[in-house]
Amino acid sequence: MNKTILITGGAGFIGSHVVRLFVTKYPDYKIINLDALTYAGNLENLKDIDHLGNYNFVKGDIRDTEFINSLFEKYQFDGVVHLAAESHVDRSIANPLEFIQTNIVGTMNLLNSARNIWKDNMEGKRFYHISTDEVYGSLGKEGMFVETTPYDPRSPYSASKASSDHLVRAYFHTYKLPVVISNCSNNYGPNHFPEKLIPLAINNIKNSKPIPIYGKGENVRDWLFVKDHASAIDRIYHAGRNGETYNIGGNNEWTNIDLIHKLCEVMDSKLNRPAGTSAKLITYVKDRAGHDLRYAIDSTKLQTELGWEPSLQFEEGIEKTVDWYLANQEWMDHIMTGDYEKYYDDQYVKR
Ligand code: NAD
Ligand code: DAU
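Residues 19 to 369, numbered by our numbering, are exactly what the sequence shown covers, in order.
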């Protein structure tokens, strides 16, 4: 094994796609997936690859300084791809403190441990921090976020992510830690936890339950298929320049209401229901506090410097996503019943 790489948050939505890509594409890498298995962590996401010899799962919490230090001492990682986070804006509004502890303190622990084991030789090492477009704030009808857009986070979630980005940059400037950061727009695709708009709507439509739309549904998001985010992460991890930031986006803006109408059409067709059936479930509800109006990412730098581009058009991506959810009802059932949380015990403790 020529490299040992730590991926944090690998049992989550995006992390599981990144783990799968790295484990299968780089058989010479030893991949350690570190995840605390919060409500958002689901090892069933990785069932298909968890028998592979270069994949290892470690249950642990990035907030635990001593544990993180000992993990870095034990494995002497060559690289870190850091995705572990509290990721849901609505939860950050209800309970901000958890976001500060995981997203800021947890990131600090990883930075410190990486610095400790790399301080005498940073050659070939890499600390890759995965961030979000939400750090740039909220756009009006015009314009796009570029890498130099000033930070203007407006929710406890985005403020905690912005804070962690600043710490990562501070370690580059102060200690020459070889860091790279990317800021991505909204992801969608298989394994998305059903608290987020698209999987929540798919599940509710399937069960003929109301689809909650915050406010007037006029907020705009730029959607990227999760496997395209994973391929961008692969590219940036291997070819990005130290100290740089890369924006990742789908160039695919939708108002929430248009997106949900599109999803309703796809669901009606896949479920053989008369056109218009699902749209009747749309229900306007109280708006999210401080709801950012619009995000849009300009990913020209990533495309021109590193040659990345998304592989899927949205029409194809949303069909694939719906197909995946309809074919994997058991995955959703296990989340709804809480059974997914037993997977760790069955797989790693009882054996
Ligand atoms: P997710 O909530 O699905 O997964 C997060 C994972 O982190 C879970 O497996 C969880 O168990 C783990 N985790 C949480 N707290 C932890 C802790 N203290 N210690 C160890 N593990 C912990 O999130 P996601 O949507 O896959 O997002 C992954 C990363 O990508 C996050 O950093 C997020 O900010 C960023 N991001 C997400 C999106 C998106 O659209 N989902 C877009 C851009 C950036
Ligand atoms: O932009 C990247 C960010 O995208 C990531 O950093 C976050 O981790 C990720 O959760 C996502 O944040 P959003 O808040 O944009 O995603 P969410 O799916 O929660 O909401 C998408 C839009 O839909 C947003 O405008 C709020 C709205 N919404 C959401 C839910 C859950 C609804 O109208 N109804 C809902 O029930």
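Quick reminder that beta carbons are idealized off the backbone N, C-alpha and C, glycines included. Keep in mind the model is a prediction, meaning the values are calculated, not measured.
Integer Cβ distance of residue 154 from residue 198, believed to fall under 8 Å: The beta-carbon distance between residue 154 and residue 198, rounded to whole angstroms, is 18 Å. This is too long to meet the 8 Å contact definition.
Exposed unless 16 or more other CB atoms sit within 10 angstroms - verdict on residue 174: buried
Contacts around residue 17, its chain only, beta-carbon distance under 6 Å, and the 5 residues preceding and following it disregarded: An answer regarding residue 17 cannot be provided, because it is not within the stretch 19 to 369 covered by the chain.
Residue 300 versus 315, 279, 284, residue with shortest Cα-Cα distance: 279
Endpoints, the alpha helix (DSSP H) within which residue 224 is located: In the DSSP assignment, residue 224 falls within the unbroken alpha helix (DSSP H) covering 215–224.
Residues of its chain near residue 33, where Cβ-Cβ distance is below 8 Å and the 5 sequence neighbours each way are ignored: 25, 26, 27, 51, 53, 101, 102
Alpha-carbon to alpha-carbon, residue 117 and residue 23: 25 Å
CB contact flag (residue 289, residue 266, <8 Å): no
Cross-strand partners of residue 97 (DSSP beta bridge): 23, 144
Buried or exposed by the 16-neighbour rule on C-beta atoms within 10 Å, applied to residue 366: exposed
Any 3 or more C-beta pairs closer than 8 Å across the region 183–196 and the region 246–253: no
Proximity of residue 284 and residue 340 at Cβ, strictly below 8 Å: yes
First through last residue of the beta strand (DSSP E) which encompasses residue 241: 238–243
Sequence-distant residues of its chain with Cβ nearer than 6 Å to residue 21 (five each side left out): 47, 96
Nearest-angstrom Cα separation, counted from residue 119 out to residue 76: 20 Å
Cβ-Cβ distance between residue 111 and residue 307 below 8 Å: yes
CB contact check: residue 27 to chain C, cutoff 8 Å: Considering every chain present, this structure includes no chain C. It has just one protein chain.
Selected residue, minimal CA-CA separation from residue 90, among 62, 115, 129: Of the listed residues, the one whose Cα sits closest to residue 90 is 129.
Residue 30 CB to nearest heavy atom of ligand 1 below 7 Å: yes
Alpha-carbon to alpha-carbon, residue 263 and residue 149: In a straight line, the C-alpha of residue 149 is about 10 Å away from that of residue 263.
8 Å Cβ cutoff met for residue 311 and residue 216: no
Beta-bridge partners of residue 75, as assigned by DSSP: In DSSP, residue 75 forms a bridge with 51.
Residue 244 versus residue 327 - alpha carbon distance: 13 Å
Separation of residue 292 from residue 333, as counted between CA atoms: 20 Å
Straight-line Cα distance separating residue 358 from residue 67: 17 Å
Residue 67 in three-state terms, based on DSSP: coil
Simplified DSSP assignment, three categories, for residue 303: strand
Heavy atom of ligand 2 within 7 Å of residue 151 beta-carbon: yes
Counterpart residues of residue 312 in DSSP-defined beta bridges: 157, 238
Same chain, Cβ closer than 7 Å to residue 72, five either side skipped, listed in chain order: 19, 41, 45, 47, 48, 49
Range covered by the alpha helix (DSSP H) that runs through residue 328: Run containing residue 328: none; DSSP gives neither H nor E here.
Expected contact under 8 Å - CB spacing of residue 168 and residue 177 to nearest Å: With 8 Å as the limit, residue 168 and residue 177 do not qualify as a contact, their Cβ atoms being about 14 Å apart.
Proximity of residue 31 and residue 210 at Cβ, strictly below 8 Å: yes
Ligand 1 heavy atom lying under 7 Å from the CB of residue 179: Correct: residue 179 has its Cβ closer than 7 Å to ligand 1.
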